[in-house]
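Protein chains in written order, with the UniProt record's numbering: chain U, 1 to 456; chain A, 1 to 106; chain V, 1 to 628; chain B, 1 to 169; chain Y, 1 to 479.
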C-alpha cells in the first residue's frame with residue numbers, strides 16, 4: 001500500500017520539479033526514488049497484509065511483481081533521459097506519466113477490490129494512449145494513439161461489463177468476499193459470463209489472438225520508448241493482473257475454459273510468430289513476437305503447480321530481453337524515420353558490444369540456452385507436460401522453431417551486411433541499460449532458482 | 001419500501017443494458033467518424049452504468065452506485081484524452097475519418 | 001628367435017619402403033635400387049631360414065603371435081603370422097622373384113626421375129604381399145589383400161601425368177574392391193559360422209561334422225563370397241577386365257604384380273581355405289567352370305592383340321583360369337604347382353618384353369617390331385625358353401604343370417578338359433605369334449629406333465637368365481609319380497591326394513597336349529614366318545577378329561550396364577532428390593512465410609475490421625462456453 | 001401507470017435515441033440524440049430512486065462530456081454530413097457483427113437468467129447522498145483518491161498532446 | 001580433479017582468447033586447447049587408475065536439476081577426441097588471416113567447450129543446454145567467416161540452424177516428458193524408468209529427429225552439403241569432425257538405453273534409413289563438382305554406416321561405431337584440411353579448376369593420399385577397424401545389410417579415387433602451387449600417425465570404451 005502512495009507522491013514530485021526548473025534533476029531523482037521504493041517494497045517480503053478495507057492486498061505475488069515493475073520502470077526512465085533529449089520541456093510529463101503508469105500497475109497486481117483493479121487498468125491504458133500519441137506532429141504516432149484509444153476503450157467497456165456482472169451475481173467488489181461466495185453459496189451464472197468478459201478484455205490488453213490486431217499497428221506507430229513500455233511493461237502487467245484475477249475469481253478449474261485458453265494461446269503463438277516472419281519493421285516484428293509471448297504467458301493459466309513462479313520467471317526473462325532489445329533499437333533507429341531491419345546492417349562490426357547484447361536478447365527470446373528465455377520456456381513447457389497439455393507443448397515447440405526465423409533476420413543483418421552510413425556515438429545510458437539487460441539475462445539464466453523460487 | 005425490481009424484474013434491465021451496449025458496439029463498428037465513435041463508447045459505458053445501478057438495487061447495496069462514480073470519472077478521462085488525440089490528428093490531417101488512418105498496416 | 005626373424009622377414013621391405021620414401025631423393029638412384037633390392041633379398045633369406053626349419057620339422061609350423069588387434073564380442077582377431085608349408089612356399093617365390101625383379105628394375109627404371117618412389121612402392125608391395133601370405137587369419141590376409149591392391153593402384157598409375165594410366169589404375173583398384181567386398185562378406189560368414197577367423201580354428205571347425213551340417217548353406221555362401229573375392233584379385237570372369245588395362249604400369253610391375261605374385265593371391269586364398277571349399281562342392285564346380293571359361297575367353301582375346309604386354313596380360317588371365325580350373329577340381333597342389341611354374345615363365349616373359357620395350361624406347365606395338373633376335377640374343381633365348389614352357393613343350397616346367405591340370409580335368413570332367421586343351425592350344429599359338437612378330441622377320445620400326453637397337457645391360461639380362469633357367473627346370477619340383485611338392489604340402493591337406501600314376505591315359509594325354517601345342521605353334525609359324533603376315537591396322541579389322549580385338553566388348557558392356565547407370569543415378573539424385581529434399585525442408589519455411597504474407601492482408605490497418613475480429617472472437621468464445 | 005409501463009417507455013426512448021445517435025449522419029444530431037439518451041438513463045436512475053446519482057449523471061455526461069464533445073465538433077466545424085459513403089461490405093460486416101453480438105449476448109443471458117421470485121428488500125437507505133458519501137469516503141477512500149491520479153494522468157496527457165512542443169535544434 | 005576443469009579451461013580460455021586481441025588470439029587458443037587436451041589426458045589417467053572424475057551439484061531445486069557429469073570410458077574417448085581435434089584444428093588454421101580473429105578463436109574454443117560438455121553431462125537438462133550451446137558458435141563461424149556468396153550462405157546456414165534446432169526441440173520435449181515421469185533428469189534415474197512401448201516409441205522418435213538431423217541420417221541431411229561448403233574450413237572441420245559425433249554419441253548414450261523397447265521394435269527402419277544414407281551419399285558424391293561438397297557427401301555415407309552400426313544394438317556395432325567415430329573424426333579433418341590447403345593456394349573449391357597438383361607438391365600429394373585411403377577404409381588404418389566391426393555387426397543382423405552397407409567400400413573408392421585423380425593427378429596445372437609448409441604438414445603428420453597407430457593397435461581405445469559400452473548394451477537388453 002505504501003508503495004502505491006510513495007509512487008504517486010514521486011510522480012507528483014517530478015511534476016513539481018518542472019515548475020521549479022529542476023529539469024536536470026528529474027531523471028536522477030525519479031530513479032533514486034524508485035530505487036528507494038524498490039527497497040521499501042521488497043523489505044517486508046513475506047508479509048501478507050490488507051489495507052483500507054481490503055482495497056489493497058500485499059502478498060508475495062504482489063510484492064514480487066511490483067518489484068519487477070519498479071525495476072522495469074527504472075530502466076525505462078533511464079532510457080527516457082536520452083530519448084527525450086530533443087524535447088526537454090516535456091521530460092517531466094513523460095517521467096511523471098511513467099511513474100503513474102507504475103502506480104496503476106502496482107494497483108493491478110495488489111488489488112483487493114475490483115474497483116482498484118479497474119482504476120489501475122484505466123490509469124495504465126490512458127497513460128499509454130497518451131504516450132502512444134505523444135509525438136504530436138508525427139501522423140503515425142497519432143494514428144497509433146487513436147487506434148489504441150478506440151480499441152482500448154472498447155475493451156475497457158467489456159472489462160467494465162464483466163466487473164458489473166461479477167458484482168451483479170455476488171453483490172460485492174471485494175475479492176475476498178467474492179472468493180467466499182463463489183466457493184460456498186450458489187450464485188447466478190452471470191458470474192461466469194462476467195468472468196469471461198473480464199478475460200476477453202484482458203486478452204485484448206495482452207494482445208492475444210484474435211484480440212491482437214491493434215498491437216502491431218500501435219507498436220509500430222508509437223514512439224520507440226513507448227513501444228518498449230507497451231511491449232515489456234504493459235504486457236506483463238496485464239498478464240499478471242489477468243493471472244491474479246483468474247486465480248482469485250475462478251471457483252474451480254473448468255475444462256471448457258482451459259480449452260478456450262489453450263486455443264487462444266496456441267493461436268497466439270502461431271499467428272504471432274508466423275506473422276512476424278514477413279515483417280520488415282523491427283518494432284512491428286517485436287509486436288508480433290510479443291503476441292506469441294503473450295500466448296506463452298497465457299498458458300501459465302493452465303498449469304496447477306508453480307504457475308505463479310513460471311509466470312514470474314517468464315515475465316522477467318521476457319522483459320529483460322525486451323528492454324535490452326529496445327535499448328539497442330532506440331539507439332540504432334534514432335535518426336531514422338522507419339525502424340527497418342536494414343538499420344542494423346553491420347552493427348556486428350561497428351558496435352560489437354551492442355550487437356552482442358542484441359544477439360543475446362534475440363536468442364533469449366528464441367529460447368536458446370543458457371539465456372533466461374530458454375529457462376522460461378523450459379519451466380513453462382515442463383509444467384504444461386505435467387498438466388497433460390502435450391498438444392500445446394508441441395505447438396509451442398513449433399512456434400519456437402518458427403520464431404528463430406525472424407529473430408535471425410536481425411542477427412543476419414548485423415553480422416553479414418555492412419552499413420553505408422555512420423551511426424552516431426553510443427549514448428552512455430543506452431549502453432548501460434543494454435549491458436544491464438544482458439547481465440540480468442545471463443544471471444538469471446545461470447541461477448534460475450533465484451527468480452523461479454521467489455513465489456514459493 | 002419494496003424493491004423496485006419486484007415490479008420490473010432484473011432481467012428487463014439486463015436486456016435493456018445489453019441491447020444498449022450492443023448498440024454502442026454497433027456504433028463503433030459502423031461509424032467512421034471518430035467523434036461519433038466516441039459517443040458510441042459513451043453509450044456502452046452508460047449501458048454498463050445502468051446495469052450497475054440495477055444490480056445495486058438488486059442487492060440493496062451502495063457499492064454499485066459508488067462504482068458508477070468511478071466509471072464516470074474514467075469516462076471523462078477517456079473522453080478528455082481521446083479528444084486531445086483527435087484534435088492533434090485533425091490538426092495534422094484535417095479529417096477525423098478513421099478510415100484515413102491506415103498508414104500502419106501489414 | 002623365430003619371432004624376430006619373422007619380423008625381419010615382414011619388416012625388411014617395409015624399411016626399404018620407408019628409406020626410399022624419406023631418403024630416396026637424397027640417397028641417389030644407385031643406393032635406392034640397392035636398398036630396395038637388398039631389403040627384399042633379406043626377406044628371401046629369412047624365408048630360406050624358415051624353409052629349412054620347416055623341412056626339418058614339417059609338422060611344426062611357426063606361429064608368431066604379436067598382439068590383439070580387433071576385438072569383437074565373440075572373438076578377437078590377433079595380429080599374428082603363420083609360417084607353414086604353404087606360406088613359406090609362397091614367400092619363397094614372392095621374395096625370390098621379387099628380388100630378381102627389383103634387380104631388373106634398377107636398370108629398367110634408371111632413367112625415371114621418380115625411381116625412389118618406384119622402389120618405395122615396389123617394396124611396399126612386397127611388404128603387403130608378405131603380410132597377405134603370412135597372416136595367420138583372414139583379416140591379416142585382408143590387410144595384405146587390400147594393401148597389394150593399393151600398391152597395384154599406385155604402380156599402375158605410376159606415370160600419373162597420363163590420365164589414361166590413372167583411369168587404368170582406378171579401374172584396377174575399384175574392380176579389386178568389388179571382389180574385396182565379396183571377400184569381406186565371406187569373412188563375416190566364416191566368422192559367424194566358425195566363431196573365429198583364424199585358419200587353425202576354422203580348419204578344426206571344418207572337420208566338425210555337426211557344425212558343418214548345421215551350416216552347410218552358409219558355408220557354401222561363404223565359399224562363394226570368398227571366390228568372388230578371388231575373382232577380383234586373380235582376374236577371373238567377371239572381374240578380369242582390369243588386368244589388361246593394368247599394363248599401363250612399368251613393365252617390372254607387370255611382371256611382379258600382375259603376373260607372378262599378386263594375381264595369384266586368389267589361388268593362395270582358396271588353397272588356404274581349401275577345407276572350406278571342400279565342404280562346398282557346388283562352389284568348387286562353379287570355380288572350375290569359371291576358371292575354364294576364363295582360360296579360353298582370355299586366350300581367344302589374346303589371339304589378336306597387338307600390344308606385346310596385352311598379349312602377355314591375356315595370357316596371364318588365361319593361365320590363372322587354368323589354375324582355378326585346377327582348384328575347382330580340388331587339385332590344390334596342382335594349382336600351386338602351376339602358380340610356381342607360371343611365376344617363373346611369365347615373369348621371364350614380362351621382363352623379356354620389358355627388355356624389348358626398353359630397347360625400343362617404349363614401343364609396345366608388335367606390328368612395329370620384328371627381327372630383334374639377332375640384336376637381342378639373350379632376351380630372345382630366355383623368352384623363347386619361357387614361351388616353350390608356357391606352350392607346354394616337353395620337358396619344360398609348363399609342360400608338367402599344365403599337363404597335370406589337364407589330366408585332372410580329364411579324369412573328372414571331359415568337357416572341361418576339352419576347354420582347357422583348347423585354351424592351351426591357343427596359348428601356344430599366340431605366344432609364338434608374339435615371338436615371331438617380335439624377334440623374327442624384318443624390323444618394322446622407325447629408322448631411329450633401329451639405330452639405337454641394342455641388347456639390354458646385364459642387370460636386366462641376369463634376372464632373365466635366372467628366370468629362364470627356372471622356367472626350364474621348374475617342373476622338377478613336381479614330377480608325376482614322385483612329386484616333391486605334394487610331399488611338401490601334404491601336412492596341409494588332411495586327405496592325402498593320391499599321386500597320379502603314369503598310366504597309359506597319362507601318356508596319351510601328354511602326347512595329345514604336346515601335339516596340340518605343336519599345332520598351335522605350327523599355325524603361328526605358317527602365318528607369321530611362312531607368309532610373313534603382319535597384323536592389320538585396328539580400323540581394318542573385320543568380323544570375329546574385330547570382336548576379339550575389342551575383347552568381346554566386355555568393357556563397353558560393363559560401361560552400359562554398370563557405369564553409365566551409376567552416373568545417371570548420381571546425376572538424378574543430385575539434380576532431383578537432393579533438390580527435392582532441400583526444397584521440402586525449405587517448404588516449411590516457405591509455407592510459414594506465405595501464410596505470413598497472406599496474413600498481412602488481414603492486418604489491414606482498419607479499426608473497423610479489427611473491432612469486427614474482436615467482436616467475432618468474443619462471440620465465439622461466449623458461444624462455445626455458454627451456448628454449446 | 002405502472003412502473004413497468006414507465007420502464008418500457010423509458011427503455012424505448014433510451015434504445016431509440018441511442019440508435020439514432022449511432023446512425024445520425026450529422027454529428028450534431030448525434031450529440032443531441034445522445035443527450036436525450038443520457039436523460040432517459042437518468043430517468044432510469046430516478047426510477048430506482050437514486051436521485052443523487054441521476055443528478056450527477058446528468059451533470060457529468062450531459063453537462064461536461066457532451067459539452068466537451070460538442071465543443072470539439074464546433075471547433076472542427078464538423079456540423080455537416082460529410083461522412084464518405086461506406087462500402088456495402090463494411091456496412092454489412094458491421095450489421096452482421098451487431099446482430100451476432102446482440103443475439104449471442106441476449107441468448108447467453110436468457111440461458112443464464114435465474115428465476116428470481118422475491119427481490120430482497122432491506123428497507124434501509126442505501127442510495128441517499130449521505131450513505132453514498134460515507135461509502136465513498138470510508139470504504140472506497142483509496143479508489144477515490146486513486147481516481148485523482150487517473151484524472152491527473154488524463155490532464156497531463158491532454159496538455160502534453162495539445163501544447164506546442166519546443167524542440168531543441 | 002574432476003572433469004569440470006576441462007570445461008573451465010575451455011570457457012575461460014575462450015574469454016581469454018577474446019581479450020588477448022587479434023594478434024595473439026590464435027596462439028592463446030592453441031595453448032588453451034592444448035591445455036584442455038592435457039587435462040583430458042590427465043582425466044584419462046585418473047580413470048585408468050580407477051579414480052572417478054564425476055561430479056554432481058544441485059543446480060535448480062525446482063524442478064530438480066543437477067550439474068552432474070559422469071565420465072566413463074566412452075565419454076573420455078569423446079572428450080579426448082574433441083580436445084585433440086580442437087588443438088589440431090586451431091593449429092591447422094595458423095596460416096589463415098581471419099578478420100576479427102579474437103572473436104573467431106573464442107568461438108572455436110567456446111564450441112569445444114560446449115561439445116565437451118555434451119559428452120560429459122549426466123543430467124539431461126545440462127546435456128541439452130550444451131547441445132544447444134554448441135550450435136551458436138558454429139552458426140556465427142559459418143556465417144561471419146564463411147565463404148561463397150553471402151545470400152546463399154545465409155540461406156544455407158539459417159536453414160542449418162533452424163533445422164537442427166527444430167530437431168533438438170523435439171528432444172527437449174521428450175526430456176520434459178521423461179522428467180514428468182522420473183522427477184529428475186539425472187541419466188541414472190532416467191535409465192531406471194520403465195516406460196510402456198507406446199511412450200518409448202514417441203520418445204525414441206523425438207530423439208531420432210534430433211539426432212537424425214544432427215548426424216545426419218538420410219533423408220535429413222539436406223543441410224549438410226551446403227553448410228560444409230560455405231563454412232570456413234575450420235567450421236567444416238568442427239562440424240564434421242566433432243559436432244556430428246555429438247549426434248552419434250547421443251544415440252548411444254541417450255536414445256538407445258532410454259527407449260530400448262522401441263529401439264528393438266523399430267530397429268530395422270533405422271537400419272534401412274542409415275544404410276540408404278550410405279549408398280545414397282556415395283552415389284551423390286560421384287557427381288559433385290565442389291570438393292568440399294563431395295567430402296560432405298562422403299561424410300554422409302560414412303556416418304550412415306556408423307549410425308547403422310549403433311542401431312544394431314550389439315556390442316560389436318556400438319564399439320565399431322565409437323571406433324569409427326574417432327577414426328572418422330581424424331580422417332575428415334585431414335580431408336577438409338587438404339581441401340583447405342588447395343583452396344589457400346588455388347582459391348577455389350571447384351574440382352574442375354584443380355589437377356596436376358601432385359607434380360608440383362608430391363609431399364602434399366602423399367599425405368593427402370594416405371588420409372584418403374584411410375577414409376576408404378584400407379586395412380591397417382584406423383577406419384578399417386571401425387568399418388570391419390560395423391559391417392560385421394550389420395552382418396549379424398542380416399547379410400543384406402552388410403552387403404549393401406558394404407558397397408561403401410566400393411563406391412567410396414570410386415568417388416575418392418576419382419576426386420583424387422581430378423584434383424591431384426594429371427598434367428601440371430598452369431596455376432602455381434606453393435609447397436606445403438612445415439606447419440601444414442605437421443597437421444597431416446599427426447593425423448596420419450593417429451590413423452596408422454590405432455589402425456594397428458586399437459587396443460588402448462578398445463579397453464577404454466568397452467566397459468562403458470557393455471554397460472550400455474546391458475541397459476538396452478534389460479527388457
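We treat Cβ as the ideally placed atom computed from N, Cα and C, and that holds for glycine.
- In the structure shown, residue 65 of chain Y falls within a strand segment according to DSSP collapsed to helix, strand and coil.
- Closest by C-alpha distance to residue 397 of chain V, out of V/407, V/405, V/386 and V/406, is V/386.
- Between residue 69 of chain B and residue 35 of chain A, the C-beta spacing is below 9 Å.
- With the criterion set as a beta carbon lying under 8 Å from some beta carbon of chain U, the members of the stretch 145 to 158 of chain Y are 150, 153, 154 and 158, in sequence order.
- Taking 9 Å as the threshold, the shortest C-beta distance from residue 616 of chain V to chain B falls below it.
- Contact between the stretch 294 to 302 of chain U and the stretch 268 to 281 of chain U is present: three or more C-beta pairs spanning the two stretches fall below 8 Å.
- Counting of Cβ neighbours within 10 angstroms places residue 568 of chain V among the exposed residues, the total staying below 16.
- In this structure residue 383 of chain V touches residue 349 of chain V by the C-beta definition: roughly 6 Å separates them, less than 8 Å.
- Along the stretch 330 to 408 of chain U, the beta strand (DSSP E) does not occur as any fully enclosed run of 3 or more residues.
- Judged by DSSP in its simplified three-state form, residue 379 of chain V adopts helix.
- Look at residue 281 of chain U here: in three-state DSSP terms it is strand.
- Taken in chain order, the members of the stretch 26 to 50 of chain A whose beta-carbon sits within less than 7 Å of a beta-carbon on chain B are 26, 27, 29, 30, 31, 32, 33, 35, 36, 38, 39, 40, 42, 43, 46 and 50.
- The shortest C-alpha to C-alpha distance from residue 37 of chain Y to any of Y/55, Y/86 and Y/66 is the one to Y/86.
- The residues 283, in chain order, have a CB closer than 6 Å to that of residue 224 of chain V in the same chain once the five nearest residues on each side in sequence are set aside.
- For residue 164 of chain U, the residues of chain A that pass the 7 Å Cβ criterion are 48, 51, 52 and 55, in the order they occur in the chain.
- Between residue 372 of chain Y and residue 436 of chain Y, the CB-CB gap reaches or exceeds 9 Å.
- In terms of CA proximity to residue 57 of chain A, B/125 leads the group B/17, B/95, B/115 and B/125.
- Neighbourhood of residue 16 of chain A in chain V, by CB distance below 8 Å: empty, with the nearest CB roughly 19 Å away.
- Under the criterion of beta carbons closer than 8 Å, residue 155 of chain V and residue 249 of chain V qualify as touching, at roughly 5 Å.
- Check the Cα spacing between residue 154 of chain Y and each of Y/327, Y/195, Y/128 and Y/223: the tightest is with Y/223.
- If one requires a minimum length of 3 residues, the beta strand (DSSP E) runs lying completely within the stretch 47 to 115 of chain U are 49 to 51 and 56 to 58, in chain order.
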